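Written below as structure tokens is the structure these notes are about.
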Amino acid sequence: MRRLLGGATLAGLVAGLVMAFGIAPREATQGNVQRIMYLHVPSVWVAYLAFGVVLVASVVYLVRRDDRADRLAHASAEVGVLFTGLTIATGSIWGKPTWGTWWTWDARLTSVSILFVMYLGYLLLRGMVEDRERGARFAAVLGIVAAFNIPLVHFSVIWWRTLHQPPSLMKPGPGAMPGIIVAALLVNFAAFTLLYVYFVTRRTVVLGLEAEAEA
Amino acid sequence: MVWKDFLVERRSKETLNSLFFFALLLLFVFQFALGPDRERLAGTLPGLLWLGFMLSGLLGLGRTFVVERENDCWEGLLLAPGDKSAIYVGKLAGNLLLMVVIETVLLVLFGFFFNLDLAGILPALAVVIALGTVALAAVGTLFAAMTAQVRARELLFPVLLLPVQAPVLLATVKATEAVLLGEPLGSVAHWLKLLAAADVVYVAVGVLTFDFVLEA
Amino acid sequence: MVSEPLIRVTGLRKTFGNHRVLDGLDLDVRAGEAVAVLGANGAGKTTLLKVLATLTRPTRGTATVAGHDCAKDPELVRREIGLVAHSPYVYEDLTAAENLTFWATLAGLRPSAAERTGALATVELERAAGERVRTFSAGMKRRLSLARFVLARPRVLLLDEPFTGLDQRAKKWLEEHLASFKAGGGAIVMTSHSFGRELAVADRIAILAGGAIALDTPRGALSAADVHRLYALHAEDAS
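If you read the sequences in order, they're chains H, E and F.
Numbers in my numbering are just positions in the first sequence, counted from 1, shifted up by 106.
Numbers in my numbering are just positions in the second sequence, counted from 1, shifted up by 69.
Numbers in my numbering are just positions in the third sequence, counted from 1, shifted up by 229.
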């Protein structure tokens, strides 16, 4: 099962890369720089997915007190932080040629950065509480607060400033994006989602083993 | 709860005295850091004001549960049968009271030092401050309860609170800016709605999850 | 349910990090019975009390008080117990009466002024009622924490080294107080690292060593010297 998942993930990522760099055409206005979108957008998606899972797992943990839910939340938060980091990095790399600067307080980048520090704090809290059970409880509470905060962050930052391209996939005008680009993007979405599932399941198992060794 | 904390505070006067002094110092620091140029200061005023509120809040709210550490009263609270959310609401009310007092002082000091005419815009400003303060205190109270039981709590409390408060800070600063420019509240209705939503969400989450924080 | 002990601990294990403080601890206490748990510093006495008081969850095993599981139904357990921990749980800047009112309110009680005075009188603090706790001695603070349970009337008292730091008079008072609590059908678990006065109140002596009860014996005819000898035997055995 694990091998199957790992294999599928690998295949998906390879296919995604081929699609992104080989098959998808060079975008007319932005040139090759646009290709980073195939990394950037799926990263954002995985980050949001991960934090959504943290929310669900946190609620489940508080209600059922099931350690597995706690480990899932922990693993998912770690992977989420990783992918928000990736989003910031790719966004920054894309920003340099496009806007002429590594960093702008563009709405999307800003809100992802806020999520990044918020969940970094979450991981920090986990590391700082000595009692494992108490750490799990606090983290779950924080996971819930942080998740409910995401829409607030989202709207506040959008109103605060908007430099980013309007999301191009979500509101496609007819033929806004060539089908092949959409296809490349979708393959990468699938591959990144598989990668997320793979990371989280592996990490959850490791956390489980750690807990077992402790008990 | 409020009654007890109020009595303790009235007798020890620890928190309030230091916070008054801190507020005054903040004013000096802002002035020194930015120079005496009134024009330039005016542009940054909303930001400075909320920075002042936030920093005082970090200190004041972070101390929420310090009194409970005395003689391990903390454990006594845990052992109280019944709904812990009452303790949260009590602490939150106490914190709101504390914040309002400090904010009033800061506002008066700002008005005095920066030569602001606050009289006309006070009602509008009060609305913004009230909405922002509830959001700040609601999360602050919840996080203070968590970090009170952790090593390095002075460090962890702001590290957890500040990112979460980012939207509140954006909203309050923008709204305050508009109010200071004499614009009607209607022009920042979207920010006020965001703050109101934040208040509702934070208080609700606080009430619902406090049980899990204050548990052994 | 007469045969059911008021406190039942089975296979209790508690780990902190890699360290097993308690490992496979079993203990039963019936109504009207007092057990003194002896052990060296760090043997896990306080941890045991905290588990019973629902302040710490066991890593493995179960602890029940009056049939309620300490980990699963802490709320129900909390209504049955009174904990006098090492710290007295009082606010230094409040008076004795204010402290009592606060804790009673928190426990959902609405004591009348007369009840409050009565409780303070029981612990012989009626004359200090209006004074700030800051001025109190250790013994007075401990009496004040006991006053809470005069109002709340729990069925189980958990005491962490209750006699430590008290003068002779206070020890005698506490001894009588605990004896009357026991006579009223309550169960007592108290810890000690010495062989002092607490042994007179205890019906049984349990020696905690190596994370478990190494010896559980009726106090009966044991003299202080016997206890000392047994303690040395078992505690050193385990270490």
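Yeah, the Cβ is synthetic: ideal placement off N, Cα and C, and Gly gets one too.
The structure displayed is predicted, hence computed values, not measured ones.
{"query": "Decide if the segment 388-401 of chain F is in contact with the segment 329-346 of chain F; the criterion is three or more beta carbon pairs, one per stretch, under 8 Å apart.", "result": "no"}
{"query": "Counting C-beta neighbours from all protein chains within 10 Å, is the total for F97/E 16 or more, i.e. buried, or is it exposed?", "result": "exposed"}
{"query": "Measuring straight from C-alpha to C-alpha, what distance separates M332/H and I287/H?", "result": "Any property of residue 332/H remains undetermined from this structure, which presents chain H solely from 107 to 321."}
{"query": "Take every Cβ of the segment 115-123 of chain H, pair it with every Cβ of the segment 294-303 of chain H, and state whether three or more of those distances are shorter than 8 Å.", "result": "yes"}
{"query": "Assuming V418/F contacts V319/F under a Cβ cut-off of 8 Å, what Cβ separation, rounded to an integer in Å, is found between them?", "result": "So it is not a contact: roughly 22 Å between Cβ atoms."}
{"query": "How about A252/H and M234/H: are their beta carbons less than 8 Å apart?", "result": "no"}
{"query": "For a quick check, are the C-beta atoms of L315/H and H180/H less than 8 Å apart?", "result": "no"}
{"query": "Rounded to a whole number of angstroms, what is the C-alpha to C-alpha distance between L224/E and A155/E?", "result": "27 Å"}
{"query": "So for V352/F, helix, strand or coil by DSSP?", "result": "coil"}
{"query": "Would you be able to state if there are at least three C-beta pairs under 8 Å between the segment 184-195 of chain H and the segment 212-219 of chain H?", "result": "yes"}
{"query": "Spatial neighbours of N328/F within its chain, please: CB distance less than 7 Å, with the 5 preceding and 5 following residues excluded, ordered by chain position.", "result": "V319, Y320, V362 and L373"}
{"query": "Can you check which of these residues, G241/H, F222/H, F295/H and A289/H, is closest to L231/E by C-alpha distance?", "result": "F222/H"}
{"query": "What residues in its chain sit with their C-beta under 6 Å from that of G311/F, if we drop five residues either side in the sequence?", "result": "F378, P383 and L386"}
{"query": "From which residue to which residue does the beta strand (DSSP E) around P447/F run?", "result": "A441 to P447"}
{"query": "Which residues of chain F have a Cβ atom closer than 8 Å to the Cβ of E320/H, listed in chain order?", "result": "T244, G246 and N247"}
{"query": "Can you give me, in chain order, the residues of the segment 154-167 of chain E that have a beta carbon less than 9 Å from any beta carbon in chain F?", "result": "A155 and I156"}
{"query": "Assign M224/H to one of three DSSP states: helix, strand, or coil.", "result": "helix"}
{"query": "Under 8 Å between C-beta atoms, does R307/F make it to chain H?", "result": "no"}
{"query": "Once you ignore the five residues that flank K153/E on each side, which residues in its own chain have a CB closer than 6 Å to its CB?", "result": "F279, D280 and L283"}
{"query": "Is the Cβ-Cβ distance between L250/E and W119/E less than 8 Å?", "result": "no"}
{"query": "How about R202/E: is its C-beta nearer than 8 Å to some C-beta of chain H?", "result": "The question names Arg, but residue 202/E in the sequence shown is Thr. For T202/E, the answer is no, since every Cβ of chain H falls outside 8 Å of its Cβ."}
{"query": "Where do the N-terminal and C-terminal ends of the beta strand (DSSP E) with V139/H fall, by residue?", "result": "Careful: V139/H lies outside any beta strand (DSSP E) and carries neither H nor E."}
{"query": "Closer than 8 Å, Cβ to any Cβ of chain E: which residues of the segment 307-325 of chain F, in chain order?", "result": "R307, R308, I310, L312, A314, H315, S316, P317, Y318, V319, Y320, E321, D322 and L323"}
{"query": "Taking the alpha-carbon positions, what's the A188/E to S87/E distance?", "result": "28 Å"}
{"query": "Taking T133/E as the reference, which of V269/E, M168/E, E172/E and P150/E has the closest Cα?", "result": "M168/E"}
{"query": "Within 8 Å (strictly less), CB to CB, does Q271/H reach chain E?", "result": "Annotation note: pLDDT 46 at Q271/H (below 50); position unreliable, coordinate value reported separately. Chain E contact via Cβ: absent."}
{"query": "Going along the chain, which residues of its own chain have a beta-carbon closer than 7 Å to the beta-carbon of F295/H, five neighbours each way excluded?", "result": "P148 and W151"}
{"query": "Which parts of the segment 116-201 of chain H are runs of the alpha helix (DSSP H), unbroken and 4 residues or longer, counting only runs that do not cross its ends?", "result": "143-170"}
{"query": "Could you name the residues of the same chain whose beta carbon sits closer than 7 Å to that of P287/F, not counting the 5 residues immediately before and after it, in chain order?", "result": "L241, R242, K243, V280 and A300"}
{"query": "Confirm, please, whether the CB-CB distance from T276/F to L256/F is below 8 Å.", "result": "no"}
{"query": "Who are the near neighbours of T293/F in its chain, counting only those whose CB is closer than 6 Å to its CB and skipping five residues on each side?", "result": "R237"}
{"query": "Work out the CA separation of L267/F and V247/H for me, nearest whole Å.", "result": "38 Å"}
{"query": "Expressed to the nearest angstrom, what Euclidean distance is found between the alpha-carbon atoms of L165/E and A207/E?", "result": "9 Å"}
{"query": "CB L349/F to CB K73/E, shorter than 8 Å?", "result": "no"}
{"query": "Could you check whether the Cβ of F157/H sits closer than 8 Å to any Cβ belonging to chain E?", "result": "no"}
{"query": "Should K277/H go down as buried or exposed, given a rule of 16 or more other Cβ atoms within 10 Å for buried?", "result": "For K277/H, the predicted model reports a pLDDT of 43, less than 50, meaning its position is unreliable and no value from the coordinates is stated."}
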